[in-house]
Structure formats: structure tokens, C-alpha cells
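First comes the structure, then the notes that go with it.
In this note's numbering, the protein residues as written are 23 to 654.
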């Protein structure tokens, strides 16, 4: 059905008519022809681009009261209008200024949706519908009027940084029809792909297999016998490197195939909507964009007094190369990174000593999960630890002497101990990589290196004002330093650039530690939830289930594990879920999606889970929650 040319909102305005395209053969796509009047622009470079939304609209002059459904299409259209385009004759059914001729142009929309418009009998409802329709029509008219004119910017969007966050933003931008470029001074993939989560998971896959082979009690329970397991260090290292190379190649190819320009060099903001990029020894190139996203990520944080040589004292960047396996290694920091590498090193035969500044190991986890993690991940293994101490000085091994670590009390700063080990890995967190971005050129001051942003990821300047057309995502803004959080933020920013209000709920973003067994979490820890409840004046409750009651876990002889739910019994709202156990990193997403969608416990408890599967751990967890009867 074409747009109604007699509708009030279109009367006397430029409009268009859609007709079926008999040559359209692509499945699951709504195709048609745009019928226009007046000749197209004569230049080969001219393109017609707009965000077409409405395929049919009601006659808004009608006072009919029944519900009306308006079919709509979200289609970013970019069509060549060069003279070489093959014309298709059709009725001159619409005019868009003086931009187009009697040619009809094919298009295909990639998605389709139905907007239900109920209770349109009231004047207010009709007014709202008319306003929405006028807004969409205005976008089409504006695009048509600009057709053939020189572009104001080189790009619709420039992204500085081609890590997971920048990549996710770029792909979504292309899907939305934005001309996009991504600036990368190193290699595509950023920290996660090249020096972080991807190669580390390859090493953890090896450590997981080694643990299975080494656990005689576990194997015997399953009726298995395995000879003494071993490993080839170089082959293990090659596995990690090859995986990173493969994923990096996949990301690069995906950007190129979708038409994203990859600009090689280090990007610097030189003014509003203007960036220069280049490499040392080569002249810089300046480009402009209507919007800019900073996605420069982070680097390992190394405290003062620690000397890095990359061989005996190193960060996770160096550790992933697995150039050697020390007999005794100290790991400074017991967060995600430190805990995962302790899993790798102990599986490969190393003894590990943790050095933790806080009073307990794994301080970022829910206390109950940390307690169980210590019981299953620390105590049975060749791991000891020092808590409540700072490594004030670390000297690399040289001249036959071991690595020296000087410890002081974290509170009193008095000397505590000195460790002599074969190697030390620094896992004290990460710092934003924002130096040299040129933020001072636009009056933006970082906070401990982090770029300040609002809830929409829009950058704020030193005076607290929003900087137009400038956004920052991922580790560089410090909101949640996870690769998938960066990607989600990038997608959210692109939605806003396209005029769609989108605020990301960071409490719905899950996190995981890929030890054996795994740990995962989403939302608030129990102490955080209790503090929020006290301040908000509402009750909270806690429910738990054990992997020992799960058939699939018992079949795998992997009954060690618990799942914990923190929720509001008065409303059924899920505040947090924490899991330690087999495949915890995969299980957490049912909970994270429930938080993101606002699904209440009284609804999710009716979901059906396949039996026997590990997913039933969460099924039992949600069913065990006690929600007030008045809310059911």
C-alpha cells in the first residue's frame, strides 16, 4: 500500500509513492520501487540517501475510531543516481523538489516492523500520529534537498580505536547507513583480541584440559584412565597466537567488506568534528566527521616502584606469549586477570603466590562467591597468598639473582616481608589509553586518565558542558571495563546519533572469570544491594541453589558450585545473580537478559528449561525465590 497522498500531513508537501518491484527476489526483505519525477543529477558521484520509515499511513483526516496498524520500514537507502543507472519508466507519482526524474529506483529494506496505533479517535492521538509522520516526511525532504550538494563532512562517523568497542560501533553504524571510518594506530582488535580475552581463553582452554587429565579422582569416578599428561609450551603459545590472528583477520575483513574505511595511524582531535591521523615520520592527514567516537581502550596499570623487563617481571600483555613457565611466580593482584593466570600457571606446573592490597582475595566478587572460590580455586592448588600488603618495589631477576619483591603493610606502610621468586606478573588493573588524543584542544580534562561522559556516553568538558558530536566508549571512559560493555556502549551511541534515545543499563551487563570452574555475575553484589535497599527503604531477599542438585552437573561429576540470586520480594525485581560452577559464564546470560528487559521473577519462573541441562540451575534458583503474594 502506498503512502496516502491525500493525508493532511502530506497535502501540499513533497511526497513519494512505493510500488512493488517485480524483480525483487531477496527472501525476507520488503522490496519496492521509488517512483519520482524530474531528472536525476548528472554527476556519477551523486547518491540518494535517507532513512525511510513509513510504507503506509492512515488517512489522518478520518475520524474513524478503530485501531489502525501502520506498516513501517526501517531502511537506510543509498542509491547511485548516475546517468549510467538503468532507468525504469513509471508514473510520475511524486516529486522531491527538483532532485529526481521519471526514473524509478529499486530499494530493499533490511528490517520491517509494525507499529500499532490504538485509540486514534481522540484529537490528541491523531495529533501525535501526525507529528510523527511529519517528522519522518521532513527527513526525506531534507535528504532530497541536499542531494547532489557537496558533503559537509568527509564521514558521518569517525571512530578512534579499532578494538571490540570500535568494531561493534562501526558495524552498527554501517547497518544504520552511516558513512564510517575507523582510525587504528596499532592492529585491528585492540587489547581483547590481541593481548587480552581472546588469547587468554586459548591458554585457559589448555589449562582446563590439563586439569581434567591430572585429576585422577575425577577420572576414576568416570571410569577413565589417562597416562601422565604433558604439554609442549611452544605449541600452547602458538595456539593462543593463532587464535588471536584468526579473530583479528575476521574483524578486519568484516570492516572492509561492509565498506568501513580503516585509516592507519594515531588519531588526534584537533577541533570540533575534526581529527588528524598519521604515523611517526609521515605527514598527518586531516579528516572531518559529523560525529566522533573515542574508543582507545586501556593498557596494563603498573604501580610506581615496579620495574618491568618483560621477561621476569611482566604484565598480562607479556604473559600471553608464554615464553616460559616459571617454577614459582608471584601474581600481584587477585582480580579477574590474576585469578585466570593462576589457573593457567598452576595447571602447567608453577607454584603461585598472590600479593593482594586488600584484606581478602578476589575483593571485587560477591563475598560468598569469593569464599567458595577460595575453597575450590585456591586452597587445593599450589597457591599461597599475602593479603593487606603493597608490593612497594619489584626488581627483575639479573646476574643469577631472583626477582625481589618488597612488601609493606597496606595500612601502616611498615615493611612486612621480602619475596624471592622466579617471576612476577603485575595484574593490578588497567589504565585508560587517552594520552595524545588532543582533548585539551576542545577543553576536555580527563579524570585519572578517564574521559568524562554522561549516561549517553557523550563527552563533557572541563566546565561540565556536553561536547557536541563527541562520544567516548569502553575502557577509556571507565564506566565498565569489559570488551562487551564497550561494544554495547558503541551500539548505544550509534542509536543516539541516528535520533533514537538509548540509555544502556550497565547493571544488566554480565561479567565472567574463566577459571575452572568458572565464575560469573551480573548486577549488584549482596553488600551493594543491601546498601541500596537501606537507602531506598525497600526489602531484599537472597535465594541460592547448588550444582550438586543438578543432574547434568552430576553426570559430569562437576557438582562443585552455587548460584545466588539477590532480589526484591515486594516487586520481584532481580538485583543481582552470581554463579560459580561448570559453564557459569554461559549460564549468566539468562539473568542478564532478565535484568535488561525488566523481567520479574513472577514471570520468569514459568519459563521452561530443557532437562537435563545446566540451565536448570537457574530454573531452580528463580523458582525458589519468594515473591509477595500480592505481586503474583
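Cβ coordinates follow ideal geometry from the N, Cα and C atoms, glycine included.
(request) Would you kindly work out how many angstroms separate the C-alpha atoms of residue 348 and residue 466, rounded to a whole number? (result) Against the chain shown, residue 348 aligns to sequence position 326. Against the chain shown, residue 466 aligns to sequence position 444. Whole-angstrom Cα-Cα distance: 44 Å.
(request) Measure the Cβ-Cβ separation of residue 286 and residue 301 and say whether it is below 9 Å. (result) The residue you call residue 286 lines up with position 264 of the chain shown. The residue you call residue 301 lines up with position 279 of the chain shown. Going by C-beta atoms, residue 286 is nearer than 9 Å to residue 301.
(message) Let's test the definition: count the other Cβ atoms within 10 Å of the Cβ of residue 521 and tell me whether it reaches 16, buried, or not, exposed.
(response) Here residue 521 refers to the residue found at position 499 of the chain shown. Answer is exposed; the Cβ neighbour count stays below 16.
(request) Confirm, please, whether the CB-CB distance from residue 560 to residue 583 is below 9 Å. (result) For the purposes of this step, residue 583 is taken as the residue at position 561 of the chain shown. For the purposes of this step, residue 560 is taken as the residue at position 538 of the chain shown. Not in contact: residue 583 and residue 560 (Cβ atoms no closer than 9 Å).
(message) To the nearest angstrom, how far is the alpha carbon of residue 451 from that of residue 321?
(response) As a working mapping, residue 451 is identified with position 429 in the chain shown. As a working mapping, residue 321 is identified with position 299 in the chain shown. Straight-line Cα distance between these residues: approximately 9 Å.
(request) Indicate the three-state DSSP secondary structure (helix, strand or coil) for residue 608 in the structure shown. (result) The count along the chain shown starts at 1 and reaches residue 608 at position 586. It is helical.
(request) Assuming residue 178 and residue 312 form a contact by the criterion Cβ under 8 Å, report the distance between their Cβ atoms to the nearest whole angstrom. (result) Counted from its first residue, the chain shown places residue 178 at position 156. Counted from its first residue, the chain shown places residue 312 at position 290. Correct: roughly 5 Å between the Cβ atoms.
(request) Output the distance between the C-alpha atoms of residue 394 and residue 339, rounded to the nearest integer angstrom. (result) To locate residue 394, count along the chain shown from 1; it is residue 372. To locate residue 339, count along the chain shown from 1; it is residue 317. Whole-angstrom Cα-Cα distance: 29 Å.
(message) Just to confirm the assignment: which complete beta strand (DSSP E) runs, minimum length 3, are found wholly within the segment 530 to 600?
(response) Assignment of beta strand (DSSP E) within the segment 530 to 600, counting only whole runs of 3 or more residues, yields 533 to 535, 540 to 545, 563 to 568, 584 to 589 in chain order.
(request) Can you tell me which of the three DSSP states residue 279 falls into? (result) As a first step, residue 279 must be located in the chain shown, where it is residue number 257. Under the three-state reduction of DSSP output, residue 279 falls in the helix class.
(message) Below 8 Å, how does it come out for the segment 345 to 364 and the segment 511 to 529: are there three or more Cβ pairs, yes or no?
(response) Judged by Cβ distances under 8 Å, the segment 345 to 364 makes no contact with the segment 511 to 529, as fewer than three pairs qualify.
(request) Pull up the DSSP beta-bridge partners for residue 493, would you. (result) The residue you call residue 493 lines up with position 471 of the chain shown. 315, 480, per the DSSP bridge assignment.
(message) So within the segment 362 to 418, which uninterrupted alpha helix (DSSP H) runs reach at least 4 residues, ignoring any that extend past its ends?
(response) Scanning the segment 362 to 418 for uninterrupted alpha helix (DSSP H) segments of 4 residues or longer gives 389 to 395, listed from N- to C-terminal end.
(request) Express the C-alpha separation of residue 186 and residue 506 in angstroms, rounding to a whole number. (result) Residue 506 sits at position 484 when you count from the first residue of the chain shown. Residue 186 sits at position 164 when you count from the first residue of the chain shown. Between residue 506 and residue 186, the alpha-carbon positions lie close to 7 Å from each other.
(request) Determine, using beta carbons only, whether residue 209 and residue 182 come nearer to each other than 9 Å. (result) Within the chain shown, numbered from 1, the residue matching residue 209 stands at position 187. Within the chain shown, numbered from 1, the residue matching residue 182 stands at position 160. Cβ atoms of residue 209 and residue 182: not closer than 9 Å.
(message) Please list the terminal residues of the continuous beta strand (DSSP E) segment that includes residue 225.
(response) The residue you call residue 225 lines up with position 203 of the chain shown. From DSSP, residue 225 is part of no beta strand (DSSP E) but of the alpha helix (DSSP H) over 219 to 236.
(request) Would you mind working out which of 421, 377, 381 sits nearest residue 428, comparing C-alpha positions? (result) Taking the chain shown and counting its residues from 1, the one referred to as residue 428 is at position 406. Closest by alpha carbon: 377.
(request) Compute the distance between the beta-carbons of residue 496 and residue 192, then report whether it is under 9 Å. (result) Here residue 496 refers to the residue found at position 474 when the chain shown is read from its first residue. Here residue 192 refers to the residue found at position 170 when the chain shown is read from its first residue. Contact flag unset, no.
(message) For residue 557 and residue 589, I'd like the C-alpha separation in whole angstroms.
(response) If you number the chain shown from 1, residue 557 lands on position 535. If you number the chain shown from 1, residue 589 lands on position 567. Distance between the alpha carbons of residue 557 and residue 589 is about 16 Å.
(message) Quick check: what's the CA-CA separation for residue 642 versus residue 631?
(response) Position 620 of the chain shown holds residue 642. Position 609 of the chain shown holds residue 631. When rounded, the distance between both Cα atoms is 10 Å.
(message) On the CB-based measure, 16 or more other CB atoms within 10 Å of its CB, does residue 22 come out buried or exposed?
(response) In the structure as shown, the chain starts at 23 and stops at 654, and residue 22 therefore has no counterpart that could be examined.
(request) State the DSSP-derived secondary structure class of residue 52, mapped to helix, strand or coil. (result) Within the chain shown, numbered from 1, the residue matching residue 52 stands at position 30. Reliability of the predicted coordinates at residue 52 is poor, the pLDDT of 34 falling under 50, and the value obtained from them is presented with this limitation in mind. DSSP places residue 52 within a strand segment (E or B) once states are collapsed to three.
(request) Can you give me the Cβ contacts of residue 176 inside the same chain, cut-off strictly under 7 Å, excluding the 5 residues immediately before and after it? (result) Your numbering for residue 176 matches position 154 in the chain shown. Result list for residue 176: 309, 310, 311, in chain order.
(request) Just the C-alpha distance for residue 469 and residue 458, rounded to the nearest angstrom, thanks. (result) Start at 1 with the first residue of the chain shown, and residue 469 comes out as number 447. Start at 1 with the first residue of the chain shown, and residue 458 comes out as number 436. Each residue's CA atom was taken as its position, placing residue 469 and residue 458 some 15 Å apart.
(request) Identify whether residue 420 lies in helix, strand or coil by the three-state DSSP scheme. (result) To locate residue 420, count along the chain shown from 1; it is residue 398. Note: residue 420 maps to strand in three-state DSSP.
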